[in-house]
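Colleague: Sharing a structure with you now.
2 protein chains.
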Amino acid sequence: MKGNSTILVTGGAGYVGSHTVVELLKNNYTVIAIDNLVNCYAKNNNEKPEALKRVERITGEKVIFYNVDIRDKEALDKVFKSHKIDSVIHFAALKAVGESVKIPLTYYQNNIGGSGTLFEVMGNNGVKKLVFSSSATVYGTPQFLPITEDHPTGQGCTNPYGKTKYFVEEILKDLCTSDSEWKVILLRYFNPVGAHESGLIGEDPSGIPNNLMPYISQVAVGRRDKLQVFGNDYPTPDGTGVRDYIHITDLAIGHLKALEKMLQPTFTSWKAYNLGTGCGYSVLDVVKAFEKASGKQVKYEIVGRREGDIAECYADASVAKRELNWTAKKDILSMCQDTWNWQQKNPKGFQSPCQGC
Amino acid sequence: MKGNSTILVTGGAGYVGSHTVVELLKNNYTVIAIDNLVNCYAKNNNEKPEALKRVERITGEKVIFYNVDIRDKEALDKVFKSHKIDSVIHFAALKAVGESVKIPLTYYQNNIGGSGTLFEVMGNNGVKKLVFSSSATVYGTPQFLPITEDHPTGQGCTNPYGKTKYFVEEILKDLCTSDSEWKVILLRYFNPVGAHESGLIGEDPSGIPNNLMPYISQVAVGRRDKLQVFGNDYPTPDGTGVRDYIHITDLAIGHLKALEKMLQPTFTSWKAYNLGTGCGYSVLDVVKAFEKASGKQVKYEIVGRREGDIAECYADASVAKRELNWTAKKDILSMCQDTWNWQQKNPKGFQSPCQGC
Numbered sequence: 001m002k003g004n005s006t007i008l009v010t011g012g013a014g015y016v017g018s019h020t021v022v023e024l025l026k027n028n029y030t031v032i033a034i035d036n037l038v039n040c041y042a043k044n045n046n047e048k049p050e051a052l053k054r055v056e057r058i059t060g061e062k063v064i065f066y067n068v069d070i071r072d073k074e075a076l077d078k079v080f081k082s083h084k085i086d087s088v089i090h091f092a093a094l095k096a097v098g099e100s101v102k103i104p105l106t107y108y109q110n111n112i113g114g115s116g117t118l119f120e121v122m123g124n125n126g127v128k129k130l131v132f133s134s135s136a137t138v139y140g141t142p143q144f145l146p147i148t149e150d151h152p153t154g155q156g157c158t159n160p161y162g163k164t165k166y167f168v169e170e171i172l173k174d175l176c177t178s179d180s181e182w183k184v185i186l187l188r189y190f191n192p193v194g195a196h197e198s199g200l201i202g203e204d205p206s207g208i209p210n211n212l213m214p215y216i217s218q219v220a221v222g223r224r225d226k227l228q229v230f231g232n233d234y235p236t237p238d239g240t241g242v243r244d245y246i247h248i249t250d251l252a253i254g255h256l257k258a259l260e261k262m263l264q265p266t267f268t269s270w271k272a273y274n275l276g277t278g279c280g281y282s283v284l285d286v287v288k289a290f291e292k293a294s295g296k297q298v299k300y301e302i303v304g305r306r307e308g309d310i311a312e313c314y315a316d317a318s319v320a321k322r323e324l325n326w327t328a329k330k331d332i333l334s335m336c337q338d339t340w341n342w343q344q345k346n347p348k349g350f351q352s353p354c355q356g357c
Numbered sequence: 001m002k003g004n005s006t007i008l009v010t011g012g013a014g015y016v017g018s019h020t021v022v023e024l025l026k027n028n029y030t031v032i033a034i035d036n037l038v039n040c041y042a043k044n045n046n047e048k049p050e051a052l053k054r055v056e057r058i059t060g061e062k063v064i065f066y067n068v069d070i071r072d073k074e075a076l077d078k079v080f081k082s083h084k085i086d087s088v089i090h091f092a093a094l095k096a097v098g099e100s101v102k103i104p105l106t107y108y109q110n111n112i113g114g115s116g117t118l119f120e121v122m123g124n125n126g127v128k129k130l131v132f133s134s135s136a137t138v139y140g141t142p143q144f145l146p147i148t149e150d151h152p153t154g155q156g157c158t159n160p161y162g163k164t165k166y167f168v169e170e171i172l173k174d175l176c177t178s179d180s181e182w183k184v185i186l187l188r189y190f191n192p193v194g195a196h197e198s199g200l201i202g203e204d205p206s207g208i209p210n211n212l213m214p215y216i217s218q219v220a221v222g223r224r225d226k227l228q229v230f231g232n233d234y235p236t237p238d239g240t241g242v243r244d245y246i247h248i249t250d251l252a253i254g255h256l257k258a259l260e261k262m263l264q265p266t267f268t269s270w271k272a273y274n275l276g277t278g279c280g281y282s283v284l285d286v287v288k289a290f291e292k293a294s295g296k297q298v299k300y301e302i303v304g305r306r307e308g309d310i311a312e313c314y315a316d317a318s319v320a321k322r323e324l325n326w327t328a329k330k331d332i333l334s335m336c337q338d339t340w341n342w343q344q345k346n347p348k349g350f351q352s353p354c355q356g357c
């Protein structure tokens, strides 16, 4: 018998979703995970996705799973009618920046339309507590560093993916203004990397990775020839772009802390929190740390800057520390070690059994 | 036999929609109008809305009408499959600022979700030319006056209605970036007022009017006791708020000109145009003009400022003049005369036969 309440996790089979489900289960929450399986591996549509099977292996707890798309109002409603859901953690979204420029409407329909449908069904079922998976991308080009939560949002969000995060934040704020029963926490992630220390779950990008760490990892394992570093003439210590990387387990625990905060009777309306370490690492810092963690050389070449990239971006994470009693604990070496551990044990991601787990 | 192409007009039975349909019919376009009838009067769901019957009376031309909600993908698709539609003029939206604060999700689902569905169905049917009914509200609190089209948008849009206009503009811009076949004109209206000179069609607000002109008109006709003027301590000539009112027929012709512009082979991607007169009139200016036009006294009282209101807002309409060969022709007196004519002939709006038409 679980002691804590029941949490619906949308996009529960994804990278951040699955790691968060681990922390929820470890803390005695009952978890209902839904996912439309577009970005995760399952043997077939009727089976629990492999990531969630591994979550169950890590925790020894069961996850209730439904293959449901958040745009499907009837299916969503059925899930709410079948369980006594207390709160929702909402991850489900398309998330590739480059792809969002090519098929913006798909991104808007999925991320905004789908979120709207979710909020509508939640409201209809009297569930009005939500933790939203947002992103530091809502800040656009930083006007100052480190970025605090009161940095302007929505200005200079140059790609549809980023705009969908910003727009959903605005919808949630307006929802809280309209109805005092809604309680919402917006979590603005910096750059999630790494994997669960067990090596059982991690980031499993399909095709060419969009992000630095999985790319480096695939170079180290020999799956890709070399890393392209986009620009070494930025005004940073070594000229390459500086970002705030955060270990996925720290990030997942941040969701747990946000949930606890939101469930306090004194919490009302909405609040945004940055989830980052507050430390900036350059591309070359990450390459070096990864080489140390893996014992492999990571070949790279410097190429031109990539349009839309900024020199530096890192968080002021002091509000989360003060109000959520949360700080990121794991350093860049640990992020690289866990990425490498996941990569070695799962060279094909979730499609083959974990090797040596 | 019509000489010009077939235009789908969403929200075609509404205030701006119906006046625009008149101008399209007068210029030999075939018009397919769709409307979900939430904001217009029809005897029953299967009948053509009264506004469109009167449009037919004004023009002597037929309008093809479907009772279709833009959120209904299948029904929309059927309309596109049944006609050879060349372009779309998209008005369908909820539009009451105050209501949008109370039921934001309904506004987001209708205005953004519905627009997304429309664009999706358009794309699927190879129709990629659109004139969008936007609003000067996308400029938020003016940073300078008169407002030009390159004034920043999306900053300080304080209500959900305004945000939906801004968000849909952004979606359309991203759509044009993603696919060069899309051609889009965003028309940013200032304050549409007045009615068709025939007195057959006009603004027919349900309940208490949200806007100044229909309110004044209902005071003049004795339906309401007096006008409340929100603040007379603004830094304007007489202390009351100054706005750029534009006659609905001028606005409608603006849509025709935008359509012609968009249909030119040289037009690519998207472009925004202000539709306003460029002249600012204060609340008391409008009261005086209305008294002159109607011969009736308009009682008013000064009350406190209303939250979110700004002192002044008026357009730089020179780009529309230069590129669309369009300027507003009708002055404030004409706007008041036509409003009064409509009000007198239709004291109950569209629900009773037009008196003396």
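Quick mapping for you: the protein sequence lines, in order, are chains A and B. Residue 331 in UniProt numbering is what sits at position 331 of the first sequence, and the numbering runs on without skipping anything. Residue 264 in UniProt numbering is what sits at position 264 of the second sequence, and the numbering runs on without skipping anything. Beta carbons: idealized from backbone N, C-alpha and C, even for Gly. Remember, it's a predicted structure, so these values are computed and weren't measured experimentally.
#1: Given this structure, state the Cα-to-Cα distance separating Tyr189/B from Gly276/B, to the nearest angstrom.
#2: Are the Cβ atoms of Thr6/B and His83/B separated by less than 8 Å?
#3: Tell me which residue opens and which closes the beta strand (DSSP E) that Pro192/A is part of.
#4: Run down chain A in chain order and give the residues with a C-beta less than 8 Å from the C-beta of Pro104/B.
#5: Flag Gln344/A as yes if its beta-carbon sits less than 8 Å from any beta-carbon of chain B, otherwise no.
#6: State the DSSP-derived secondary structure class of Glu203/A, mapped to helix, strand or coil.
#7: Got a sec, what are the start and stop residues for the alpha helix (DSSP H) Asn341/A sits in?
#8: Over the uninterrupted beta strand (DSSP E) stretch that includes His90/A, give me the two end residues.
#9: Do we get a CB-CB distance below 8 Å when we pair Val101/B with the residues of chain A?
#10: Across which residues does DSSP place Lys183/B in a beta bridge pair?
#11: For Leu227/B, list the residues DSSP reports as bridge partners.
#12: Going by CA-CA distance only, name the one from Val68/A, Val298/A, Gln218/A and Arg322/A that's closest to Gly254/A.
#13: Relative to the C-alpha of Ile34/A, which residue among Val303/A, Lys43/A and Ala93/A is closest?
#14: What residues in its chain sit with their C-beta under 6 Å from that of Ala136/B, if we drop five residues either side in the sequence?
#15: Which same chain residues end up closer than 6 Å to Gln343/B when comparing Cβ atoms and leaving out the 5 residues on each side of it in sequence?
#16: Interface residues of chain B around Ile112/A at Cβ under 7 Å?
#17: Between the Cα of Ile32/A and those of Tyr273/A, Gly308/A and Leu52/A, spot the shortest distance and give me the residue it belongs to.
#18: Could you round the C-beta distance between Val242/A and Glu312/A to whole angstroms and report it? I think they count as a contact, below 8 Å.
#19: Kindly say whether Pro160/B, judged by its beta-carbon, lies nearer than 8 Å to any beta-carbon of chain A.
#20: Which whole-angstrom value describes the C-beta separation of Gly154/B and Tyr108/A, a residue pair presumed to lie in contact below a C-beta threshold of 8 Å?
#21: 8 Å is my cut-off, CB to CB: does Phe119/A come that close to chain B?
#22: Helix, strand or coil for Val221/B per DSSP?
#23: For Met1/B and Ile64/B, what's the separation of their Cα atoms in angstroms?
#24: Which residues in chain A sit within 9 Å of Gly126/B, going by Cβ to Cβ distance?
#25: Can you give me the Cβ contacts of Pro237/B inside the same chain, cut-off strictly under 8 Å, excluding the 5 residues immediately before and after it?
#26: Taking DSSP's pairing of strands, which residues face Thr30/A in a bridge?
#27: Below 6 Å CB to CB, which residues in the same chain sit around Ala317/A once its five sequence neighbours on both sides are set aside?
#28: May I have the straight-line CA-CA distance separating Arg71/A from Ser180/B, to the nearest angstrom?
#29: Residues in the same chain with beta-carbon distance under 6 Å from Lys128/B, minus the five sequence neighbours each way, listed in chain order, please.
#30: Is the distance from the Cβ of Ser87/B to the Cβ of Leu130/B below 8 Å?
#31: Which one of Ser133/B, Lys288/B, Val101/B and Leu175/B has the shortest CA to CA distance from Thr158/B?
#32: Does DSSP put Cys176/B in a helix, a strand or coil?
#33: Do you know how far the Cα of Gly123/A is from the Cα of Leu175/A?
#34: So which of Leu105/B, His247/B, Asn45/B and Lys261/B has the shortest CA-CA distance to Lys173/A?
#35: Using beta carbons (cut-off 8 Å, strictly below), is Tyr108/A in contact with chain B?
#36: Who are the near neighbours of Ala328/B in its chain, counting only those whose CB is closer than 6 Å to its CB and skipping five residues on each side?
Modeller: On the basis of the data shown:
#1: 6 Å
#2: yes
#3: Asn191 to Val193
#4: Ile171, Asp174, Leu175, Thr177 and Ser178
#5: no
#6: coil
#7: Ile332 to Lys345
#8: Ser87 to His90
#9: yes
#10: Lys129/B and Ser269/B
#11: Tyr300/B
#12: Arg322/A
#13: Ala93/A
#14: Arg188 and Phe190
#15: Ser217 and Val221
#16: Ile112
#17: Leu52/A
#18: 4 Å
#19: yes
#20: Contact flag wrong, Cβ pair sits at about 15 Å.
#21: yes
#22: coil
#23: Residue placement at Met1/B is flagged as unreliable, the pLDDT there being 49, under the threshold of 50; a coordinate-derived value is accordingly withheld.
#24: Under the 9 Å cutoff, chain A gives no residues; its nearest Cβ is about 15 Å from Gly126/B.
#25: Ser282
#26: Thr6/A
#27: Asn274, Gly276 and Gly278
#28: 28 Å
#29: Glu181 and Trp182
#30: yes
#31: Val101/B
#32: helix
#33: 10 Å
#34: Leu105/B
#35: yes
#36: Ile246, Asp250 and Thr277
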